[in-house]
Amino acid sequence: GENVEQHPSTLSVQEGDSAVIKCTYSDSASNYFPWYKQELGKRPQLIIDIRSNVGEKKDQRIAVTLNKTAKHFSLHITETQPEDSAVYFCAASPIKAAGNKLTFGGGTRVLVKP
Amino acid sequence: DVKVTQSSRYLVKRTGEKVFLECVQDMDHENMFWYRQDPGLGLRLIYFSYDVKMKEKGDIPEGYSVSREKKERFSLILESASTNQTSMYLCASTAGGHYGYTFGSGTRLTVV
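First to last, the sequence lines map onto chains R and P. First residue of the first sequence? That's 94 in this note's numbering, and the numbers climb one at a time after it. First residue of the second sequence? That's 415 in this note's numbering, and the numbers climb one at a time after it.
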């Protein structure tokens, strides 16, 4: 099955700096790559996703890039703010997965220091 | 606002008890999932269902079973709770195709 690895496990950045989280996946059939943000004590929420026919997608201060050849994708947060502090999860879904089954990475705890 | 509701936020159960975790969604989604969340391990899939009465094992199904008698409800059952099942359990649902999940608030289960 699919295996998703996520790095780093923790990331501390100064407010205003950029943060980058990287994920690799194993199944070349995966074609859907969402990112979730989980604030302390809250449910994970989808913040951005990318499909394999697209190399990059942006939404305000966040962007995701995908390299299908290398089987990795990354989340970029620019101009970080304290409210960006959370745990971020990447995930991947193979094209043939019944029920859109997502495999998640281990998570990255991001701390933005004011 | 779309919702996935988990019946309990916190549960404490004894070893050997049969435990039921309930999840209800109001979005008419075909697909429902149960994950457990442990620090450093991310979210691991226990079971999922893509239709009423249909179920498939995820990556860590041992010690668990599920039931989906109605489209909106997906139940996770711990047949005989053990301490290594102490965890945060998250239910999620999604429409067919590649769309993001909507998660419930989670149930933090402690088995003593």
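Ideal Cβ placement from N, Cα and C applies to all residues, glycine included.
- In this structure the region 171–180 of chain R does not touch the region 483–495 of chain P; the number of beta carbon pairs closer than 8 Å is below three.
- The beta carbons of residue 121 of chain R and residue 170 of chain R sit about 27 Å from each other, so the pair does not count as a contact at 8 Å.
- Within the region 170–187 of chain R, those residues whose Cβ lies closer than 7 Å to any Cβ of chain P are, in chain order, 182 and 186.
- Residue environment for residue 506 of chain P: buried (at least 16 other C-beta atoms within 10 angstroms of its C-beta).
- Setting aside the 5 residues that flank it on each side, residue 462 of chain P is surrounded in the same chain by 445, 446, 447, 448, 469, 470 and 472, each with a C-beta closer than 8 Å to its C-beta; the list follows chain order.
- Following the DSSP letters along the chain, one finds residue 450 of chain P inside the beta strand (DSSP E) bounded by residues 445–452.
- In this structure, DSSP gives residue 142 of chain R an extended state, which the three-state scheme calls strand.
- Residues of the region 114–143 of chain R that bring their beta carbon within less than 7 Å of a beta carbon in chain P comprise 125, 127, 136, 137, 139 and 142, in sequence order.
- Using a Cβ distance threshold of 7 Å, residue 438 of chain P and residue 482 of chain P do not count as a contacting pair.
- Taking 9 Å as the Cβ-Cβ cut-off, the region 513–524 of chain P approaches chain R at 513, 514, 515, 516, 517, 518, 519 and 520, given in chain order.
- If the five residues before and after residue 524 of chain P are omitted, its C-beta is found closer than 6 Å to the C-beta atoms of 426 and 500, all from its own chain and listed in chain order.
- In the DSSP annotation of this structure, the continuous segment of the beta strand (DSSP E) that includes residue 157 of chain R starts and ends at 155–160.
- In the DSSP assignment, residue 205 of chain R falls within the unbroken beta strand (DSSP E) covering 201–206.
- Of the other Cβ atoms in all chains shown, 16 or more fall within 10 Å of the Cβ of residue 157 of chain R; this residue is therefore buried.
- The beta carbon of residue 458 of chain P sits closer than 7 Å to those of 449, 450, 473 and 474, all from its chain and outside the five residues before and after it, given in chain order.
- Residue 97 of chain R sits close to residue 196 of chain R, with the two beta carbons spaced by under 7 Å.
- With respect to chain P, the C-beta atom of residue 198 of chain R has a partner C-beta closer than 7 Å.
- In chain order, 443 place their CB closer than 6 Å to the CB of residue 509 of chain P, counting only its own chain and leaving out the 5 sequence neighbours on each side.
- In the structure shown, residue 176 of chain R adopts helical secondary structure according to DSSP, grouped into three states.
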